[in-house]
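Throughout the sequence shown, residue numbering follows the numbering used here, covering 658 to 1101 in sequence.
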Amino acid sequence: MNEQRMNKWNDADTTLTVAALSFLFAVILKIFHPESIFAEGFLFVTEAAMVGGVADWFAVTALFKKPLGFPFHTAILPNRREEFVKASVQMVQGEFFSRRTIFKKISQIKLLPLLVEYLEKPEIRQFLLTELLEAAKKYVATMNKEASAKIIANKLRREFCNLPIEVLISECGSRIKQSEVDKGIFVGLVKKIRVTAEKIETRKKLQAVLEKYAQEKTQSAGVFSMLMAGLAQALDLVNFEEAAEIMQTQLLKLLDELSIDSPLQRRTLNECRLKISEMADTPQFRDLAERIQIDLAAALPIEDAIESAFNNLEKQIVSVDLVAFISVTQNERSLQLNTKNLGVALFKIFDEAYDNFVALLKVDGPIKTEVEKFVYDLTIRVALYAQPMIGRIAKFALEKLTADQLNEIVYGKAEKDFVWIRMNGSIVGSIIGLAIFVVIKLIG
């Protein structure tokens, strides 16, 4: 800023000088031609022009400093500096940036199209997607995985324990039947029995059972029956060893048929399923199943599994370099998007959600209405929050100015007007002087 602007020579000074010189010339002319009407009129006009110019120079100068040291009601701006600062702040805050003006101006701006245009910029898209993925990385890295795993595990246990036992039994039965797990168990059990049944010890046990049975029957019968049994044994009509061998052979054949896919196996397996289903409807079986349900919920290492899953997910998210991912070609990115990685999956989700969100902002609907309302409210709040700050900034800036700097700012903003005010003083003064002179002469 030029601090000597007010002291520079300007057109008003030239006009006032011309008026003063013209006045001196008119005085000299009047002295030498005292009877001349022209000399008298010229003196009258130049005198009025000089007086008008001096008066306006005094008025303009008195706004900023003391003209010729005159102390009364001069240097108005420096002396009323505080009032000027206060009035300027009120004008800036209350007139230029009033609440009504802010509301009116912001309502005239189409904010949502500007937001959509801004969000569609590639650098903004990349920045927001990067920040979203980084936020996900930080969240997974800083989360208390052990505590979170316990919370989730407890909820899963409660949900598992709250399941009706009838539903669990029915579900488990259906799954076992569909997957033929029970058939595998049945065949495995039959094979285990066969291994035991083909042993010599099994045959001996069968023989012992037959002998014991025959003995019991003989003792419970009469004397004649005992005599006939003894005779049959003496004549080797009843051979318990041979009978046990025959029973063992038949048992092994039966077990062999049960171990393969045969009508006997299917019929026996269906009968077993029917009996198990009937047994599952008993209160005792349901109580047993409920105890198993509770014990199983408590015994499952759910916390360890969930915490391990969290650690694995964190590794997958951290392993994604989004900047490098975005910089690759579209074909390479498509190949990477098919990778089973949580970080890549999150980027894909964020990327698709970003496009869908921007598309929703272009279509009339509840999303567009709510976002538009939010953006408008947010802008209004920011503007209203900044309104007092504008006044404080203006006050701070004006209070730092010295009296000379303040004079220069005000004078510089209306320098041409001040110059014309002074010039108009001389011009209007000369015109009025001429008019008065003419009126005087006409009257006289």
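Where a beta carbon is used, it is the ideal one built from N, C-alpha and C, also for glycine. Treat the numbers as computed from the prediction; the structure is a model and nothing was measured.
- Beta-carbon to beta-carbon, N1081 and F721 are separated by about 19 Å, too far to satisfy the 8 Å threshold.
- Selection S1083, K1070 and V1096 evaluated against A677 yields S1083 as nearest (Cα-Cα).
- DSSP, read as helix, strand or coil, puts T718 in helix.
- Along the region 898 to 942, the beta strand (DSSP E) does not occur as any fully enclosed run of 3 or more residues.
- Distance between R1079 and N736, taken at the CA atoms: about 23 Å.
- Under the 8 Å Cβ criterion, the region 687 to 698 does not count as touching the region 1023 to 1035, having fewer than three qualifying pairs.
- Distance from L1018 to L769 at the Cβ level is roughly 6 Å; contact confirmed, criterion being Cβ atoms closer than 8 Å.
- In the DSSP annotation of this structure, the continuous segment of the alpha helix (DSSP H) that includes L776 starts and ends at L768 to L776.
- Inter-segment contact for the region 958 to 975 and the region 843 to 863 is absent: fewer than three beta-carbon pairs are separated by less than 8 Å.
- Here M707 is buried: its Cβ has 16 or more other Cβ atoms, across all protein chains shown, within 10 Å.
- Going by DSSP, F1014 is part of the alpha helix (DSSP H) stretching over L999 to K1019.
- Assigned with DSSP and collapsed to three states, A669 falls in helix.
- If only uninterrupted beta strand (DSSP E) runs of at least 3 residues are considered, none is enclosed by the region 1053 to 1085.
- Straight across, the Cα-Cα distance linking K762 with K723 is about 43 Å.
- For K862, the secondary structure class from DSSP, reduced to helix, strand or coil, is helix.
- For the pair Y1068 and L700, the Cα-to-Cα distance works out to about 33 Å.
- Around the Cβ of S976, a 10 Å sphere holds fewer than 16 other Cβ atoms; the residue is exposed.
- Q905 is the residue among I766, D944, Q905 and A956 whose C-alpha sits nearest the C-alpha of L863.
- Shown here, S827 sits in a helix according to DSSP, grouped into three states.
- Only residues of its own chain outside the window of five on either side were considered, and among them R851, A854 and E855 have a CB closer than 8 Å to the CB of L909, listed in chain order.
- Per DSSP, the continuous alpha helix (DSSP H) segment holding N736 begins and ends at I733 to N736.
- The continuous alpha helix (DSSP H) containing F843 extends over residues V838 to A854.
- Counting the other CB atoms within 10 Å of its CB gives K802 a total of 16 or more, which places it among the buried residues.
- Between the alpha carbons of A793 and P958 lies a distance of about 27 Å.
- Residue nearest to K972 within the set V866, E1027, V797 and I688 is V797 (criterion: CA-CA distance).
- Scanning its chain for C-beta atoms nearer than 8 Å, with the 5 sequence neighbours on each side dropped, one finds around T672 the residues G710, R1079, M1080, S1083 and I1084, in chain order.
- With 16 or more other Cβ atoms from the protein chains shown falling within 10 Å of its own Cβ, T731 counts as buried.
- Around the beta-carbon of G841, fewer than 16 other beta-carbon atoms lie within 10 Å, marking it exposed.
- A straight line joining the alpha-carbon of E914 with that of A946 spans about 33 Å.
- In terms of CA proximity to K778, Y1011 leads the group L1055, S1087, Y1011 and L1091.
- Take F897, set aside five residues on each side of it, and the residues of its chain with a beta-carbon closer than 8 Å to its own are Q864, L867, E868 and A871, in chain order.
- Sorting L1099, G1090, V1076 and L785 by C-alpha distance to the C-alpha of D670 places V1076 at the top.
- When DSSP states are grouped into helix, strand and coil, P821 belongs to the coil group.
- S679 is a Cβ neighbour of T703, given a cutoff of 7 Å.
- Burial is judged here by how many other beta carbons sit within 10 angstroms of a residue's own beta carbon; E1009 has fewer than 16 and is exposed.
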